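The listed protein sequences derive, respectively, from chains A and B. Numbering-wise (our numbering), the first sequence opens with residue 1 and increments by one. Numbering-wise (our numbering), the second sequence opens with residue 202 and increments by one. Heads up, the beta-carbon is just placed ideally off N, CA and C, and yes, glycines get one too. Everything numeric in this text was worked out from a predicted model, so none of it was measured. As structure tokens, the structure follows; a few thoughts come after it.
There are 2 protein chains.
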Amino acid sequence: MTISTNRLSARDNICDVIRRELIGGKFDFDQPIREQKLASRFGTSRGPVRDALLRLTQEGILVYETNKGVRVNSPLSEEERSVVVAMRLHLEKFCLKKFLPLATDSDFGQISILLERLTSACDRASLPEVAECDLALHRYWVARASPHLESTWLGLSVRMIMKYSRLSDYDQIREEHDRIVRAILDRNLTHASLSLEANVI
Amino acid sequence: MTISTNRLSARDNICDVIRRELIGGKFDFDQPIREQKLASRFGTSRGPVRDALLRLTQEGILVYETNKGVRVNSPLSEEERSVVVAMRLHLEKFCLKKFLPLATDSDFGQISILLERLTSACDRASLPEVAECDLALHRYWVARASPHLESTWLGLSVRMIMKYSRLSDYDQIREEHDRIVRAILDRNLTHASLSLEANVI
DNA sequence: AAAAAATGGATTGTTAACAATTTAATTTGA
DNA sequence: TCAAATTAAATTGTTAACAATCCATTTTTT
Numbered sequence: 001m002t003i004s005t006n007r008l009s010a011r012d013n014i015c016d017v018i019r020r021e022l023i024g025g026k027f028d029f030d031q032p033i034r035e036q037k038l039a040s041r042f043g044t045s046r047g048p049v050r051d052a053l054l055r056l057t058q059e060g061i062l063v064y065e066t067n068k069g070v071r072v073n074s075p076l077s078e079e080e081r082s083v084v085v086a087m088r089l090h091l092e093k094f095c096l097k098k099f100l101p102l103a104t105d106s107d108f109g110q111i112s113i114l115l116e117r118l119t120s121a122c123d124r125a126s127l128p129e130v131a132e133c134d135l136a137l138h139r140y141w142v143a144r145a146s147p148h149l150e151s152t153w154l155g156l157s158v159r160m161i162m163k164y165s166r167l168s169d170y171d172q173i174r175e176e177h178d179r180i181v182r183a184i185l186d187r188n189l190t191h192a193s194l195s196l197e198a199n200v201i
Numbered sequence: 202m203t204i205s206t207n208r209l210s211a212r213d214n215i216c217d218v219i220r221r222e223l224i225g226g227k228f229d230f231d232q233p234i235r236e237q238k239l240a241s242r243f244g245t246s247r248g249p250v251r252d253a254l255l256r257l258t259q260e261g262i263l264v265y266e267t268n269k270g271v272r273v274n275s276p277l278s279e280e281e282r283s284v285v286v287a288m289r290l291h292l293e294k295f296c297l298k299k300f301l302p303l304a305t306d307s308d309f310g311q312i313s314i315l316l317e318r319l320t321s322a323c324d325r326a327s328l329p330e331v332a333e334c335d336l337a338l339h340r341y342w343v344a345r346a347s348p349h350l351e352s353t354w355l356g357l358s359v360r361m362i363m364k365y366s367r368l369s370d371y372d373q374i375r376e377e378h379d380r381i382v383r384a385i386l387d388r389n390l391t392h393a394s395l396s397l398e399a400n401v402i
């Protein structure tokens, strides 16, 4: 989560790195995650690692079993995924509606930068980076519109994006986000919502 | 969360107790929560307390700030709440649809017991207990229909139920849940969904 | 030989001490 | 007197050691 911190702690750092790798598909489903292994990898003790794993558990990426540690959660069924998609869409459309009127030039600048990064990641055809930039872009307007609902949105989105077969067509991703961002810069809510619906599936 | 454990650890215990108290309105909004205080109260060290607080943070009940600890999250705005309600309703109706065909007599027995507890809590007019029993009842069919989405559902529901002005009318609560459970025992999806819509608002 | 019991290694759960940071109180300076 | 700088207390962040539990292997028992 890291809701606005200056210097991010070991825990936050570990959490972000692991989440990125999980999103990028670096671990297999049901694969157990060992605390000590991560601790030595990040050069810390098991404490911060445990904290990070607990957070990811609550996000639904990992599953926890007492005295057995965590493992990568198995993927959602098609039905479950469609429910999550609908919820995320509902939430994100609400956030867009709230965001557009209060968006400043600075916001537009930030969004342009994030779109730039996403485009660049698509060019490099790097799936982990694409997934991360994709989330970061959407997250921007969610966080601006409703900090309260940011963690809810993150949980849904991360769960959605895992096992992302759709992420093969980088041209399409770039195109879809181009369209969303253009609509946002025009403050055109209808168009932005429609573009979002085409993208979040 | 405690996704199926035999003996629950200090962390799980603390987490459940604190969540219950938060739902019951024992803490004020924005009130800071001190680790040491809880630790001595539960007779443990700060470790398990930290774990529990992190979990509740991810559920959205608490807010975390680096080096400053956690505090009770401020309540959702009316708009935000209506979005959460819509999401929860969507999710829970899906779960009902999945649950009804696979429900066994044992399930019906469990649900009846949970309803009994809710009714009893209403009789005692104990708000914390009513809130807890309410959640436990709904949670039952969610967990049975889709363990994957249980934590998502919990996050939405807990966030919804905090600051529960609606929970004043205990007769209505009992009535609404009576209706939902009756529809479930009849395996009447249409009726169950409608009763749910009247309840989750 | 098969099932049950015991063993040892690996892993998680918990603790207490220490380090780093924040917060409040106190002192200092203009 | 008021604001800035300094100190002290409170609080969180991290660590390493120890306890409890799980899991695979070996031994024992029938």
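What's the gap between the Cα of residue i and the Cα of residue j?
| i | j | result |
| --- | --- | --- |
| L185 of chain A | F243 of chain B | 52 angstroms |
| R81 of chain A | R360 of chain B | 22 angstroms |
| E59 of chain A | I161 of chain A | 13 angstroms |
| P147 of chain A | E280 of chain B | 13 angstroms |
| G226 of chain B | R272 of chain B | 14 angstroms |
| A145 of chain A | T305 of chain B | 44 angstroms |
| L239 of chain B | N274 of chain B | 18 angstroms |
| L96 of chain A | C15 of chain A | 27 angstroms |
| A332 of chain B | A287 of chain B | 19 angstroms |
| C133 of chain A | S210 of chain B | 38 angstroms |
| V142 of chain A | R220 of chain B | 26 angstroms |
| C122 of chain A | P48 of chain A | 33 angstroms |
| I262 of chain B | L189 of chain A | 31 angstroms |
| L254 of chain B | T57 of chain A | 14 angstroms |
| I180 of chain A | N13 of chain A | 30 angstroms |
| D171 of chain A | E116 of chain A | 14 angstroms |
| N207 of chain B | E65 of chain A | Model confidence at N207 of chain B stands at a pLDDT of 41, short of 50, so the residue's coordinates are unreliable; what they give is reported in the following sentence. Roughly 10 angstroms between the two C-alpha positions. |
| Y140 of chain A | I312 of chain B | 42 angstroms |
| D51 of chain A | R251 of chain B | 8 angstroms |
| T44 of chain A | S246 of chain B | 20 angstroms |
| D107 of chain A | V200 of chain A | 22 angstroms |
| T152 of chain A | L336 of chain B | 18 angstroms |
| V218 of chain B | R212 of chain B | 10 angstroms |
| L395 of chain B | L303 of chain B | 20 angstroms |
| R167 of chain B | R256 of chain B | An answer regarding residue 167 of chain B cannot be provided, because it is not within the stretch 202 to 402 covered by chain B. |
| S358 of chain B | S241 of chain B | 30 angstroms |
| F228 of chain B | S126 of chain A | 46 angstroms |
Taking 8 angstroms as the CB-CB limit, is residue i close to chain A?
| i | result |
| --- | --- |
| F230 of chain B | no |
| T353 of chain B | yes |
| Q259 of chain B | yes |
| T267 of chain B | yes |
Of the choices the options, whose alpha-carbon is the least far from that of residue i?
| i | options | result |
| --- | --- | --- |
| E35 of chain A | A:N67, A:M162 and A:S9 | A:N67 |
| E398 of chain B | B:D370, B:H291 and B:A253 | B:H291 |
| K299 of chain B | B:R388, B:D217 and B:L395 | B:R388 |
| K93 of chain A | B:E293, B:C296, B:P302 and B:V285 | B:V285 |
| I23 of chain A | A:G47, A:R88 and A:G155 | A:G155 |
| G270 of chain B | B:L277, B:L301 and B:P233 | B:P233 |
| R174 of chain A | A:H191, A:P101, A:L114 and A:F29 | A:L114 |
| L149 of chain A | A:P75, A:P101, A:S77 and A:R88 | A:R88 |
| N277 of chain B | B:F309, B:F230 and B:L301 | First, the residue type needs correcting, since residue 277 of chain B is Leu and not Asn in the sequence shown. The candidate whose alpha carbon is nearest that of L277 of chain B is B:F230. |
| L137 of chain A | A:D178, A:D169, A:L127 and A:R124 | A:D178 |
| A192 of chain A | A:L100, A:S45 and A:S40 | A:L100 |
| T119 of chain A | A:R11, A:D169 and A:R55 | A:D169 |
| R182 of chain A | A:E21, A:G109 and A:V63 | A:G109 |
How about residue i: is its C-beta nearer than 8 angstroms to some C-beta of chain B?
| i | result |
| --- | --- |
| L53 of chain A | no |
| I104 of chain A | What sits at residue 104 of chain A in the sequence shown is Thr, not Ile. Not one chain B Cβ lies under 8 angstroms of T104 of chain A. |
| T190 of chain A | no |
| V200 of chain A | no |
Pull the bridge partners of residue i from the DSSP assignment, please.
| i | result |
| --- | --- |
| G69 of chain A | A:E65 |
| I234 of chain B | B:V271 |
_Contacting positions in the stretch 73-95 of chain A - beta carbon closer than 8 angstroms to chain B_ = N73, S74, L76, S77, E79, E80, V83, V84, A86, M87, H90, L91 and F94
*Residues of the stretch 334-360 of chain B with a CB closer than 8 angstroms to any CB of chain A: list them in chain order, please.*
S347, H349, L350, S352, T353, G356, L357 and R360
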